[in-house]
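Okay, structure first, notes after.
Number of protein chains: 2
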Amino acid sequence: MTKDDKLTEEKIFDAATEIFEEKGLAATRMQDIADRAGINKALLHYYFRSKDKLFNAVFDKLAEKIFAKFASIFEEDMPFEDKIRFFFTEHIKFLQKNPKLPMFIIGEVNRSPELLSKFLDRININRIKEKISGDLGDDISPDVIPHLMVSIISLSVFPVAAKPIISGILDSAGIDYDSFMEERIKVAPEFVINAIKQQQVESQNKRK
Amino acid sequence: MTKDDKLTEEKIFDAATEIFEEKGLAATRMQDIADRAGINKALLHYYFRSKDKLFNAVFDKLAEKIFAKFASIFEEDMPFEDKIRFFFTEHIKFLQKNPKLPMFIIGEVNRSPELLSKFLDRININRIKEKISGDLGDDISPDVIPHLMVSIISLSVFPVAAKPIISGILDSAGIDYDSFMEERIKVAPEFVINAIKQQQVESQNKRK
DNA sequence: GTCTATAGAAGGATAGAC
DNA sequence: GTCTATCCTTCTATAGAC
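Order-wise, the sequence lines are chains A and B. 25 is the number of the first residue of the first sequence in the working numbering; add one for each residue after it. 25 is the number of the first residue of the second sequence in the working numbering; add one for each residue after it.
Next up, the structure:
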């Protein structure tokens, strides 16, 4: 494979990534990808054979991207409250740079759930669960740890995934979406930390 | 319009609703709608002229449906903590009955943001903001009320919108999705209530 | 109002020249 | 490796018989 091959293949792959991420598989046209890549439609098939194969290559790459950060963050060696703050900072900043990514992944997995297998093995939920459980001590029941995890993800992903709607509603109240998300980097972790603290307080009161 | 007209038009509309909600505009085929309605493809055009017009009729109906409950819940006359509990109970139960609805709305609005105008006027965020502000008193800054609202919506909608992914991840940890969501009706409101309580405690400590 | 048949457009994929 | 031209399937939409 010569250097030029590589360049063309990359141009196609990058263009496909942008358009698939934006529109999803069903609404994407091979012609649009060719146009954005600045090459001919036939070349798409020369390099990737079919629309499906090109899509799968793109999906793999993007699934890799979105789950790369996840697991590692809670492995860090720092106080739990700082982990929460660190997570929201890193995660929201990442999502701001890749605002279309969550909806793309959720939408396509929704359409064909077999795509799940492509990244499920990347996530060891029990490992994370134990980590958090160890951090939080006996005042938090292990049964609510999965809820805590889902809550944290919901709080950081949803406002980005539903950006057009949230943005529209905020706008109607005179609030700028971007400023709102900047605030959120601070507000969201404190929300979570407060909920956990209060839970611990109540749990200790009961024991007395 | 005779009685039979009405029946056929409804059959088409209902079939279209199911399929659009499931697959979205781009992936939906008129033939699939005709098949599910048990009638001929030509009839779709007889009653709704074009795919786009049929889609818009369906979208209007579904947008109406998902936002109907929203505003009213916080108008209820009860203690704030009960409002939170009431909201999650009602909202999660509603979403369990309509699991495809959030992704449909978010996905289609994402694709063409002009759809937003169809329901934005239904939501008076400042009205809700004032209600909540009144309920919470001075210990919660008015600036964080929008964050609180977005957090509440995130916590209830996201786990349903991302059902295939959440379900898959939970499954790999031996947790059943439906049981998880039943728990969530109780866990999520307590999470929010705890966060607010702790916030109020800290705010009062500062003042002393 | 409902059907069959078909027009007409769009999109994925391939053949073949260079 | 890249292009033009074209095939073939799929899909929306309409014409016209009943």
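Just so you know, even glycine gets a beta-carbon here, dropped at the ideal spot from N, CA and C.
Residue i in three-state terms, based on DSSP
{"i": "residue 25(A)", "result": "In this prediction, residue 25(A) has a pLDDT of 47, which is less than 50 and means its spatial position is unreliable; nothing more can be read from the coordinates."}
{"i": "residue 111(B)", "result": "helix"}
{"i": "residue 103(A)", "result": "coil"}
{"i": "residue 64(B)", "result": "coil"}
{"i": "residue 48(A)", "result": "helix"}
{"i": "residue 38(B)", "result": "helix"}
{"i": "residue 80(B)", "result": "helix"}
{"i": "residue 58(B)", "result": "helix"}
{"i": "residue 158(A)", "result": "helix"}
{"i": "residue 197(A)", "result": "coil"}
{"i": "residue 191(A)", "result": "helix"}
{"i": "residue 120(B)", "result": "helix"}
{"i": "residue 31(A)", "result": "helix"}
{"i": "residue 75(B)", "result": "helix"}
Limits of the unbroken alpha helix (DSSP H) element including residue i
{"i": "residue 131(B)", "result": "125–135"}
{"i": "residue 213(B)", "result": "201–231"}
{"i": "residue 148(B)", "result": "It is not in any alpha helix (DSSP H) - residue 148(B) carries neither H nor E in the DSSP assignment."}
{"i": "residue 172(B)", "result": "169–185"}
{"i": "residue 98(B)", "result": "Per DSSP, residue 98(B) belongs to no alpha helix (DSSP H) and is neither H nor E."}
{"i": "residue 165(A)", "result": "Element bounds for residue 165(A): n/a, residue is neither H nor E."}
{"i": "residue 139(B)", "result": "Looking at the DSSP string, residue 139(B) is not in any alpha helix (DSSP H), and its letter there is neither H nor E."}
Contacts of residue i in chain A (Cβ-Cβ under 8 Å)
{"i": "residue 50(B)", "result": "47, 48, 50 and 51"}
{"i": "residue 153(B)", "result": "197"}
{"i": "residue 61(B)", "result": "The contacting residues do not exist; residue 61(B) stays about 21 Å from chain A at best."}
{"i": "residue 64(B)", "result": "Under the 8 Å cutoff, chain A gives no residues; its nearest Cβ is about 24 Å from residue 64(B)."}
{"i": "residue 147(B)", "result": "193 and 196"}
Pair within 8 Å by beta-carbon distance, residue i and residue j
{"i": "residue 184(B)", "j": "residue 123(B)", "result": "yes"}
{"i": "residue 216(B)", "j": "residue 108(B)", "result": "yes"}
{"i": "residue 229(B)", "j": "residue 218(A)", "result": "no"}
{"i": "residue 115(B)", "j": "residue 85(B)", "result": "no"}
{"i": "residue 79(A)", "j": "residue 49(A)", "result": "yes"}
{"i": "residue 39(B)", "j": "residue 60(B)", "result": "yes"}
{"i": "residue 170(B)", "j": "residue 58(A)", "result": "no"}
{"i": "residue 35(B)", "j": "residue 54(B)", "result": "no"}
{"i": "residue 51(A)", "j": "residue 208(B)", "result": "no"}
{"i": "residue 224(A)", "j": "residue 159(A)", "result": "no"}
{"i": "residue 178(B)", "j": "residue 179(A)", "result": "yes"}
{"i": "residue 83(A)", "j": "residue 139(A)", "result": "yes"}
{"i": "residue 156(B)", "j": "residue 98(B)", "result": "yes"}
{"i": "residue 81(B)", "j": "residue 128(B)", "result": "no"}
{"i": "residue 193(A)", "j": "residue 190(B)", "result": "no"}
{"i": "residue 112(A)", "j": "residue 186(A)", "result": "no"}
{"i": "residue 133(A)", "j": "residue 188(B)", "result": "yes"}
Partner residues on chain A for residue i, Cβ-Cβ distance less than 7 Å
{"i": "residue 161(B)", "result": "Simply none; closest approach about 16 Å."}
{"i": "residue 192(B)", "result": "140 and 144"}
{"i": "residue 150(B)", "result": "197"}
{"i": "residue 185(B)", "result": "130"}
{"i": "residue 221(B)", "result": "222"}
{"i": "residue 168(B)", "result": "211"}
{"i": "residue 80(B)", "result": "Residues of chain A passing the Cβ test: none, with the nearest at roughly 17 Å."}
Under 9 Å from the C-beta of residue i: neighbouring residues of chain B
{"i": "residue 227(A)", "result": "Here the premise fails: no neighbours, minimum Cβ distance about 11 Å."}
{"i": "residue 156(A)", "result": "Within chain B, no residue comes near residue 156(A); the closest Cβ sits about 13 Å away, beyond 9 Å."}
{"i": "residue 122(A)", "result": "Near residue 122(A) there are no residues of chain B at all, since even the closest Cβ is about 14 Å away, more than 9 Å."}
Contact set between residue i and chain B, taken where Cβ atoms lie within less than 8 Å
{"i": "residue 171(A)", "result": "204, 207, 208, 211, 212 and 215"}
Listed by chain order, chain B residues near residue i by CB distance under 7 Å
{"i": "residue 131(A)", "result": "127 and 131"}
{"i": "residue 188(A)", "result": "133, 134, 137 and 140"}
9 Å Cβ cut-off: residues of chain A touching residue i
{"i": "residue 74(B)", "result": "Per Cβ cutoff of 9 Å: no residues; residue 74(B) is ~17 Å from chain A at best."}
{"i": "residue 179(B)", "result": "174, 175, 178, 179 and 182"}
The ligand COA heavy atom lying under 7 Å from the CB of residue i
{"i": "residue 163(A)", "result": "Absent from the structure shown: the ligand COA. Ligands present: none."}
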